[in-house]
Amino acid sequence: MMNDEEIVEFVSNKADMEEDEEQQVEETAGPSTTIPSNNAAFQYREQGLRWYEAQEECDRHVLICLKSVRVIRAQKREISQKQTRIAEFLKKD
Numbered sequence: 001m002m003n004d005e006e007i008v009e010f011v012s013n014k015a016d017m018e019e020d021e022e023q024q025v026e027e028t029a030g031p032s033t034t035i036p037s038n039n040a041a042f043q044y045r046e047q048g049l050r051w052y053e054a055q056e057e058c059d060r061h062v063l064i065c066l067k068s069v070r071v072i073r074a075q076k077r078e079i080s081q082k083q084t085r086i087a088e089f090l091k092k093d
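Under the UniProt record's numbering, think of the first position of the sequence shown as 1, with each following residue one higher.
Have a look at this one:
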């Protein structure tokens with residue numbers, strides 16, 4: 001049978017071990033896999049395009065392909081705005 005001090009020590013050690021295991025899992029998990037919002041993705045892409053245009057190796061054909069992603073972003077934005085309008089319309093009734 002364990003006395004009070006032994007129980008406290010056991011519980012404290014167990015909590016420390018669990019924290020260490022959680023830290024190890026977080027470290028091995030690697031980078032976060034969260035997906036940026038459409039607006040954040042647009043900003044990142046614009047920064048990347050400006051950087052690429054400033055490089056000596058910039059190929060205009062590749063640049064045109066990269067800029068075509070803007071169309072996808074515009075479509076996503078249009079869809080999200082339409083959904084917002086519908087949701088607002090339904091809230092008013």
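Even for Gly, the Cβ is constructed at its ideal location relative to N, Cα and C.
### Query
How many Å lie between ALA40 and CYS58 at the Cα?
24 Å
### Task
May I ask which residues mark the beginning and end of the alpha helix (DSSP H) holding GLN47?
38-54
### Task
Identify which residue in PHE10, ARG50, ILE35 has its Cα closest to the Cα of LEU66.
ARG50
### Query
How would you write the range of the alpha helix (DSSP H) that ILE64 sits in, first residue to last?
60-67
### Inter-residue Cα distance where the pair is PHE10 and MET1
13 Å
### Message
Can you look up ASN3 in the DSSP assignment and give me helix, strand or coil?
### Response
coil
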